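Just below is one structure, and these are the notes that go with it.
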Amino acid sequence: DAGITQSPRHKVTETGTPVTLRCHQTENHRYMYWYRQDPGHGLRLIHYSYGVKDTDKGEVSDGYSVSRSKTEDFLLTLESATSSQTSVYFCAISATGYGPQHFGDGTRLSIL
Amino acid sequence: ILNVEQSPQSLHVQEGDSTNFTCSFPSSNFYALHWYRWETAKSPEALFVMTLNGDEKKKGRISATLNTKEGYSYLYIKGSQPEDSATYLCAPIYTGTASKLTFGTGTRLQVTL
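Going down the list, the sequences are from chains H and D.
Quick note on this note's numbering: the first sequence kicks off at 6 and runs consecutively.
Quick note on this note's numbering: the second sequence kicks off at 16 and runs consecutively.
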């Protein structure tokens, strides 16, 4: 299995608080992605990174920011969490931009 | 937003049945198509990456074909087993979109004894 660790695995927080999710990889892959999974929508891309300090927006980026200061870490931040951001968040990595993506175990985030 | 359609939404078959599902996607500027298997309580697992028109990939009892001109792909499972129960996702990539995958909502397969 690809070495991908997401933390935390579960989090419950209140509306308006900042939240940061971490994705850590040991594969030295260039590409990293954040998705959210919601019923009826499947997996939707939030942000992705194509190298250190190189990031771009996905389909549902509003309300989220990301940072990648090292190859192995990709952080997803909700500056002021809202209930609509309650979801399961998956990180994925890929060696090339068009090759298969390998997913982490997911983070279940509940915002009350 | 790209329209990636998968059909059927769900499928219930008996062990030993063969089955297939469809992924439809816009064909303009197509670059590659990904297929993933997603078992309940796990994370998605890559099955195939297909790029060429007429391409056929196989992994055990699972195979897939690709038609890039008309924008569809079929996934086949021969002799379904209970362990094949999962949601199968497809996701096309297009040139100029810098590796962004757009996932369909998937076909949920349940195989019973």
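Quick reminder that beta carbons are idealized off the backbone N, C-alpha and C, glycines included.
Model, not experiment: these values are computed from the prediction.
Within chain H, the residues whose beta carbon sits less than 7 Å from that of Phe118/D are Gly47, Leu48, listed in sequence order. Around His49/D, the beta-carbon contacts reaching into chain H at under 7 Å are Pro105. Contacts with chain H at 8 Å (Cβ-Cβ) include Gly121/D. Taking a Cβ-Cβ threshold of 7 Å, the residues of chain D close to Asp110/H are Ser58, in chain order.
At a C-beta separation below 8 Å, Val126/D has no neighbours in chain H, since its nearest C-beta there lies roughly 21 Å away. Residue burial annotation: Val24/H is buried, with at least 16 other C-beta atoms found within 10 angstroms of its C-beta. For His49/D, DSSP records a beta bridge to Val64/D, Ala106/D.
Between Tyr46/D and chain H, the shortest Cβ-Cβ separation is below 8 Å.
Annotation: Ile77/D has no Cβ neighbours in chain H at a cutoff of 9 Å; minimum Cβ distance is about 15 Å. Cβ-Cβ distances below 7 Å link Ser92/H to Arg41, Gln42, Asp43, Leu114 in the same chain, with the five nearest sequence neighbours on each side left out; the list follows chain order. For Gly56/H, the enclosing beta strand (DSSP E) stretches over residues 47–56. Gly63/H and Leu83/H have their C-alpha atoms some 15 Å from each other.
Closest option to Thr31/H, judged by alpha-carbon separation, among Ser99/H, Asp61/H, Phe95/H: Ser99/H.
In the DSSP assignment, Tyr40/H falls within the beta strand (DSSP E) that extends over 36–43. Rounded to the nearest whole angstrom, the C-alpha separation of Thr87/H and Lys72/D is 43 Å.
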